[in-house]
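In full-length UniProt numbering, the protein residues as written are 1 to 193. Note that the Cβ used here is the ideal one computed from N, Cα and C, for glycine as well.
Encoded structure:
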């Protein structure tokens, strides 16, 4: 059998080096285009104060990715607020916030599948919000806007100043001394009569 040379075409339609078919095979002269059907998406959200809706910087998030029907294990990434003061290097565990505005987040190039977003570190002075925010990136939903996620200010108890002389204890002591004084006065007044 005589083999014919097959010319491979790539996305820019440049020719690759010809190669010969193995013995017993013939090359197909048709050009086959293989399309990369990966679905990539974008997600964005804002972190705001619950009372004033002012943007809050300094939060950190856990983004868990579960691939669609591939049987692959879930992967959890860390996302920190890029408030313009820090640099980020993406890795197997870290995704970089592409929005440098304080309290605003934007992630691009996310693969198709199911995601769950949960706050892992609240801004300083605020209570962490453990509410999961689920979304799915698919061919029909490639741009996801989670919206505003608010935080309540932390209410902390004021510490005692290191003394047992709290206002309540002082008032009780005063009432006790007043009671003792009244009893003594009554006893003295009886003796005189």
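Worksheet item: If you run the structure through DSSP and keep just helix, strand and coil, what is residue 59?
Response: Residue 59 sits in coil when the DSSP states are folded into three classes, being neither helix nor strand.
Practice prompt. Could you tell me if residue 174 is buried or exposed, where buried requires 16 or more neighbouring beta carbons within 10 angstroms of its beta carbon?
Written response: The residue in question, residue 174, is exposed, as its Cβ has fewer than 16 Cβ neighbours within 10 Å.
Discussion item. Only counting the same chain, and skipping five residues up and downstream in sequence, which positions put a Cβ closer than 6 Å to that of residue 102?
Written reply: 55, 57, 83.
Discussion item. In the DSSP output, which residue or residues are listed as bridge partners for residue 115?
Written reply: Answer is 65, 135.
Discussion item. According to DSSP, is residue 44 part of a helix, a strand, or is it coil?
Written reply: It is a strand residue.
Worksheet item: The alpha helix (DSSP H) with residue 179 in it runs from where to where?
Response: Counting along the chain, the alpha helix (DSSP H) containing residue 179 begins and ends at 167 to 192.
Item to complete: Determine the direct distance from the alpha carbon of residue 81 to that of residue 100, and round the result to whole angstroms.
Response: Annotation: residue 100 to residue 81 spans about 8 Å, alpha carbon to alpha carbon.
Practice prompt. Specify the secondary structure class of residue 146 as computed by DSSP and reduced to three states.
Written response: When secondary structure is reduced to three states using DSSP, residue 146 falls in the strand class.
Discussion item. In whole angstroms, give me the CA-to-CA distance for residue 181 and residue 164.
Written reply: The C-alpha of residue 164 is placed about 23 Å away from the C-alpha of residue 181.
Worksheet item: With 16 as the cutoff for other CB atoms within 10 Å, does residue 97 come out buried or exposed?
Response: Under this definition residue 97 is a buried residue.
Worksheet entry | 6 Å CB neighbourhood of residue 128 in its chain, flanking five on each side removed | Here the set comprises 119, 122.
Worksheet item: Which residues does DSSP pair with residue 49 in a beta bridge?
Response: For residue 49, which the question treats as bridged, DSSP gives the partners 151.
Fill in: Cβ-based burial, residue 34 [other Cβ within 10 Å; buried from 16]
Per the 10 Å Cβ criterion, exposed.
Discussion item. Contact defined as beta carbons within less than 8 Å: I believe residue 113 pairs with residue 137. What is the distance between those atoms, to the nearest angstrom?
Written reply: Taking 8 Å as the upper bound for CB-CB distance, residue 113 and residue 137 are in contact here, some 6 Å apart.
Practice prompt. Give the range of the beta strand (DSSP E) segment to which residue 80 is assigned.
Written response: 75 to 80 is the extent of the beta strand (DSSP E) around residue 80.
Practice prompt. Please report how far the alpha carbon of residue 108 lies from the alpha carbon of residue 143, in whole angstroms.
Written response: If you take the alpha carbons of residue 108 and residue 143, they lie about 9 Å apart.
Discussion item. Would you say residue 176 lies against chain B (beta-carbon separation less than 8 Å)?
Written reply: In the displayed structure, chain B is absent; only one protein chain is listed.
Worksheet item: So what does DSSP say about residue 104, is it helix, strand or coil?
Response: Correct three-state label for residue 104: strand.
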